[in-house]
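Numbering (full-length UniProt numbering), first residue to last: 1 to 338.
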Amino acid sequence: MTGSAATGAERLQEGCSSSDVRRPLSNSPAVALGNFACLQPSHCGVKSPNTKAEDRDRVSHFARALAPDTRVAWLGNGSCHSPPACRGCCVLHAASGTDLLPAQQHLLETQELHAQVTEFEDKLADARLENTKLKNEIIDQKTNFEIQLCDLQTKVNEYEESRLLVGSARRLPGLRTRLELNWQKEREEQQRLIQETATLAKDLRQTLYEVERERDLEKLEAKRKIDQLKKTVGQETSDTKTKVQELQRDLQELREAHAKLRQINEKLRREKDRTEVEREAMRDKYLGSSREHLHQQSKMDLLAEEVRHRVGWCGEGTIGWENNTFHGTIAGRRWRSG
1 MTGSAATGAE
11 RLQEGCSSSD
21 VRRPLSNSPA
31 VALGNFACLQ
41 PSHCGVKSPN
51 TKAEDRDRVS
61 HFARALAPDT
71 RVAWLGNGSC
81 HSPPACRGCC
91 VLHAASGTDL
101 LPAQQHLLET
111 QELHAQVTEF
121 EDKLADARLE
131 NTKLKNEIID
141 QKTNFEIQLC
151 DLQTKVNEYE
161 ESRLLVGSAR
171 RLPGLRTRLE
181 LNWQKEREEQ
191 QRLIQETATL
201 AKDLRQTLYE
211 VERERDLEKL
221 EAKRKIDQLK
231 KTVGQETSDT
241 KTKVQELQRD
251 LQELREAHAK
261 LRQINEKLRR
271 EKDRTEVERE
281 AMRDKYLGSS
291 REHLHQQSKM
301 DLLAEEVRHR
311 VGWCGEGTIG
321 WENNTFHGTI
331 AGRRWRSG
């Protein structure tokens, strides 16, 4: 079973009651529903794969299994006919028709045992409560019957006494003794009832004391837990506030560093632009000076050629160009132009 399937099974089991019996697929009449199986098909009523659209809404008790981001997961090839009565459906295997692994079977058996133990504990608690209730009812009925019997015995004694007083002429021998015995028996019965009532009152007071003591202990325990929870929450709140303050300080430092970096970046960008402008200016200047130099050189060459040509007309001589000056000899005379 995949992790998502296990998570879905846990979510489905949380929604089921303790009386739902979950049995492995190998030894139970479970009916597979795609990636799921209904463990109580007898009163669930699993329908065929070809279900209508409105019948698919009945599978809402399979919700969120293998589909955590959706509310209801439709199984594709089956639906539960009566989910409110079923409530015993559970994820059994990852693929329809495959057998469960031994570990998964053990897990399901363990879950079944836990469910049975919980069910038996609930039944035992209900039986004990019902037994205590019946015992109290029996004691109350017995006490009422004894009180009624004492009342009737008192009425009989009063009747005997009135008959003795009225018919004193026909007084039977031993009647007074019998009345005294009846009165003595009545007094003893009254004393017994008084003692039982006192014992019952004592037991009730003891029970009340124990209940109050347990309630006080529960209140103290609840108060202690609440105080501990408040302390924990307060500590967590304080830690959270401290962390938030640290994060705010870090954020402020980051903002300041970001502002400084922006300033440095802007400064570097301006310097880069200025450098680019200066480089372009120097390049243009260099190119302009180079063109001017070439232009002057061409003019000088033309002039030198013209001078040579004219010198050739005048006679023998030499002419040259050196260090931006013309020099030469014409007709045996040296000359130089600056």
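Using N, Cα and C, we set each Cβ at its ideal position, and we do this for glycine too.
Of all C-beta pairs linking the stretch 108-128 to the stretch 146-157, fewer than three are shorter than 8 Å, placing the two stretches out of contact. If you draw a 10 Å sphere on the C-beta of Q104, you find 16 or more other C-beta atoms in it, and that means buried. Residue state for L101 is assigned as coil, using DSSP reduced to three classes. Sequence-distant partners of K231 (beyond 5 residues in either direction) whose C-beta falls short of 7 Å from its own C-beta are missing from its chain. Here the alpha carbons of R213 and L134 stand approximately 25 Å from one another.
Each residue's CA atom was taken as its position, placing T143 and E137 some 10 Å apart.
Here N157 is near N182, since their CB atoms are less than 7 Å apart. Spanning the alpha carbons of E186 and E221 requires a straight line of approximately 51 Å. Note on L113: under 16 other CB atoms within 10 angstroms of its CB, so exposed under the neighbour-count rule. The residue among Q296, E246, E146 and L217 with its C-alpha nearest the C-alpha of I194 is E146. In this structure, the alpha-carbon of E189 lies about 18 Å from that of E160.
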